[in-house]
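Engineer:
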Amino acid sequence: MATLISHDAGAAFDPSLWLDAFAPVGGSYVLMSGRKLCFLVSECSADDLALTMRQIVGHPERQEALKSAIEARQAGELVQ
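So in the working numbering the end of the sequence shown lands on 81, straight run, no missing numbers.
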């Protein structure tokens, strides 16, 4: 699996890139009522999933960026 974000502390987190890369590891997502972010996984490698989720767990600002990107996608907006 390709690295989704740089491990460089100064690197910017790209929520669109993260969302696009989550599906190939067997994941999908949904933004539920109350803006609760739900991740679904099926037949994915535990190592790939751990690497992917480590990029957002404990990072509320990244989780918020993901929610905003999902809302923009649902509204048909191009997210960059």
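Glycine included, C-beta positions come from ideal geometry on N, C-alpha and C.
If we count the other Cβ atoms within 10 Å of its Cβ and call it buried at 16 or more, is residue 76 buried or exposed?
Structural biologist: Taking the first residue of the sequence shown as 1, we reach residue 76 at position 75. It is exposed - the Cβ of residue 76 has fewer than 16 other Cβ atoms within 10 Å.
Engineer: With a CB to CB cut of under 7 Å and the five nearest residues on each side skipped, what residues in its chain are close to residue 43?
Structural biologist: On the sequence shown, residue 43 is found 42 positions in, with the first residue counted as 1. If we look at residue 43 and ignore the five residues flanking it on each side, its Cβ neighbours are 27.
Engineer: What's the C-alpha gap between residue 64 and residue 58?
Structural biologist: By 1-based counting over the sequence shown, the position of residue 64 is 63. By 1-based counting over the sequence shown, the position of residue 58 is 57. Residue 64 and residue 58: Cα-Cα distance of roughly 8 Å.
Engineer: Drop a sphere of 10 angstroms on the beta-carbon of residue 16, count the other beta-carbons inside from all chains shown, and report buried for 16 or more, exposed for fewer.
Structural biologist: Within the sequence shown, the letter at position 15 stands for residue 16. Flag for residue 16 reads buried.
Engineer: Could you give the first and the last residue of the continuous alpha helix (DSSP H) run that contains residue 23?
Structural biologist: Along the sequence shown, read from residue 1 onward, the residue named residue 23 stands at position 22. From DSSP, the alpha helix (DSSP H) with residue 23 extends over 16-23.
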